[in-house]
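There are 2 protein chains.
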Amino acid sequence: MWIIKTLVIVSHPEIDNSQTQQFLKKGAEDAQVIWHHVESLDEIDVGKEQKLLRQADRIVFQFPLYWYAAPYGLKKWEDEVLTRNFIYGDKTYPLEDKEFGIVVTTGMPLKDFQKGATENITLDEAMAPYRAIANLGKMKIMPLFSVPQFWYMSEDEQMQLLIDYQRYLSQKFPDSLANREEWFEDRLQQFVKELSDEDQFSGNLILDTFIQNKENLEQVNDTLKMIKEGEDE
Amino acid sequence: MWIIKTLVIVSHPEIDNSQTQQFLKKGAEDAQVIWHHVESLDEIDVGKEQKLLRQADRIVFQFPLYWYAAPYGLKKWEDEVLTRNFIYGDKTYPLEDKEFGIVVTTGMPLKDFQKGATENITLDEAMAPYRAIANLGKMKIMPLFSVPQFWYMSEDEQMQLLIDYQRYLSQKFPDSLANREEWFEDRLQQFVKELSDEDQFSGNLILDTFIQNKENLEQVNDTLKMIKEGEDE
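Going down the list, the protein sequences come from chains C and U. Using the UniProt record's numbering, count along the first sequence one by one with no gaps and you end on 233. Using the UniProt record's numbering, count along the second sequence one by one with no gaps and you end on 233.
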């Protein structure tokens, strides 16, 4: 089993009062990532922060959208921690090839973030400055993960969000079918291992069924590919 | 003579050490605008700041580009001063129809701010979050004023910058020939007024010549327009 070392840099000025952040925090615990809340730091120790960044495979900025950007706490962290040499100076690139993601929560629905709609800017456009840093540091840029209007979500939608969020933190990217399957199989194996002895039997049955289904699906995919190639000739 | 009340919200963590900001500050004094440095505020008094904003005709954000955005001091100011209701809540728009500008200084040349170049983002793209606020508040958005690599500028270039900056702060927009002329004429009149008695005569000669030239130019423009209209028929 592969493990991606993910560092989540979270910015929220009142994180204890944020239902959304508390919900995501639980998901992050299950995914075994480092959850690093910048406003909780007494003082920003540049060396310590840079070391954390160096040790990570995937770095995720997570925050609520305040005036089309992160709260100022994250900008303060950026201004102090991200020294020129740490991103691109001296032709060394300490963050090169690490993955960079953004988890942004919004109070407005996604449909408002378009040209011509209320916000008149897409979330992708608003996040461009963060991606420009990652680009300068030669990082691999992941698609944005947005969480619009968490408090309107049904319980089912919240569960779906939790899984998607955990995949965003710990699944291999790109988000292909094969990578999803691998991720689910790993999680299932982990889950079965933690069952009591008497439940092990049924747990293993479920796991076997999942693996069998996965293999069947791969065969179907291969067959489809062959048919497609036949048609192309 | 019209006067535009311009409020310059300046953000720079070490403004006394910034040659560029000190240079621009002098220009702002001549243009008689309110120069408001956010990092110098002991504490942000929301009511006081909002009152300043309400009294202005033109609001300009001015800062050096740190990681494709303003220093965190401006974001802190935004997060605290720009309450929802002050921008767009309750269907009132306190900043409606005021002009919004951005003066951004950069350490890199403008040619680096393009897709495919080092920075891989345009300055316009990086500034999109600020304009989105102005857009939400129904403000009129002015084109960006960028000051790349001030310290490489020759004395002539600095003088040109100073005039352009003063025009950005106090000239009517759009930046048309007529508005430029009006601005220069006002400045010249002001200048002549302040001359000693013995210099008044030559000062007024210069002013008369300027006005005469302006009128001649307007006549030429009218003639050109007539010729153009004749061609269109």
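Glycine included, each C-beta is placed from N, C-alpha and C at the ideal position. Please read these numbers as outputs of a predicted model, since none were measured by experiment.
Other residues of its chain near residue i: CB distance less than 6 Å, five sequence neighbours each side excluded
i, result
"tyrosine 207 of chain U", "It should be pointed out that residue 207 of chain U corresponds to leucine in this sequence rather than to tyrosine. Answer for leucine 207 of chain U: Leu188 and Val192, listed in chain order."
"leucine 136 of chain C", "Ile87 and Tyr88"
"phenylalanine 100 of chain U", "Ile59, Ala134, Met139 and Ile141"
"tyrosine 68 of chain U", "Ala126"
"leucine 65 of chain C", "Val104 and Thr106"
"residue 237 of chain C", "With chain C covering 1 to 233 only, the question about residue 237 of chain C has no answer from this structure."
For residue i, three-class secondary structure by DSSP
i, result
"lysine 140 of chain U", "strand"
"glutamate 99 of chain U", "strand"
"serine 146 of chain U", "strand"
"threonine 105 of chain U", "strand"
"proline 129 of chain C", "helix"
"leucine 224 of chain C", "helix"
"isoleucine 9 of chain C", "strand"
"valine 33 of chain U", "coil"
"isoleucine 59 of chain U", "strand"
"alanine 69 of chain U", "strand"
Cutoff 9 Å: residue i Cβ touching any chain C Cβ
i, result
"isoleucine 9 of chain U", "no"
"glutamate 49 of chain U", "no"
"lysine 75 of chain U", "yes"
"tryptophan 35 of chain U", "no"
"tyrosine 93 of chain U", "no"
"isoleucine 102 of chain U", "no"
"alanine 117 of chain U", "no"
"isoleucine 121 of chain U", "yes"
"isoleucine 163 of chain U", "no"
"leucine 53 of chain U", "no"
"tryptophan 67 of chain U", "yes"
"proline 71 of chain U", "yes"
"glutamate 78 of chain U", "yes"
"proline 13 of chain U", "yes"
"leucine 82 of chain U", "yes"
Below-9 Å beta-carbon distance, residue i vs any chain U residue
i, result
"leucine 39 of chain C", "According to the sequence displayed, residue 39 of chain C carries glutamate and not leucine. No, because no Cβ of chain U sits closer than 9 Å to the Cβ of glutamate 39 of chain C."
"isoleucine 59 of chain C", "no"
"asparagine 135 of chain C", "yes"
"glutamate 125 of chain C", "yes"
"arginine 180 of chain C", "no"
"aspartate 16 of chain C", "no"
"tyrosine 130 of chain C", "yes"
Neighbourhood of residue i by C-beta, 7 Å cutoff - its chain only, sequence neighbours within 5 removed
i, result
"phenylalanine 86 of chain U", "Gln50 and Pro94"
"residue 315 of chain C", "Since the first residue of chain C shown is 1 and the last is 233, residue 315 of chain C is not available in this structure."
"glutamate 181 of chain C", "Lys214"
"aspartate 45 of chain U", "none"
"alanine 178 of chain C", "none"
"aspartate 124 of chain U", "Leu144"
"proline 13 of chain C", "Glu39, Pro71 and Gly73"
"lysine 37 of chain C", "Here residue 37 of chain C is histidine; the residue named in the question, lysine, does not match the sequence. Taken in chain order, the residues that qualify are Val10 and Ile15."
"glutamine 166 of chain C", "Gly27, Asp30 and Ala31"
Own chain residues within Cβ distance below 8 Å of residue i, not counting five before or after
i, result
"phenylalanine 210 of chain U", "Phe184, Glu185 and Leu188"
"isoleucine 34 of chain U", "Lys5, Thr6, Leu7, Val8, Leu52 and Ala56"
"threonine 118 of chain C", "Met108 and Asp112"
"glycine 116 of chain U", "none"
Residue i beta carbon near the ligand FMN (any heavy atom closer than 8 Å)
i, result
"tyrosine 168 of chain C", "Here there are no bound small molecules, and the ligand FMN is not part of this structure."
is_contact[residue i, chain D] using C-beta, thresh 9 Å
i, result
"phenylalanine 145 of chain C", "Protein chains in the displayed structure are C and U, and chain D is not among them."
Worksheet item: Are at least three pairs of beta-carbons, each pair with one atom in the region 210–226 of chain C and one in the region 124–131 of chain U, less than 8 Å apart?
Response: no
Item to complete: Count the CB pairs spanning the region 14–32 of chain C and the region 147–167 of chain C that are closer than 8 Å, and state whether there are at least three.
Response: yes
Worksheet item: Should the region 2–16 of chain C be called in touch with the region 27–47 of chain C, which here means at least 3 C-beta pairs below 8 Å?
Response: yes
Practice prompt. For the region 144–201 of chain U, list the beta strand (DSSP E) runs that are entirely contained and at least 3 residues long, ordered along the chain.
Written response: 145–148
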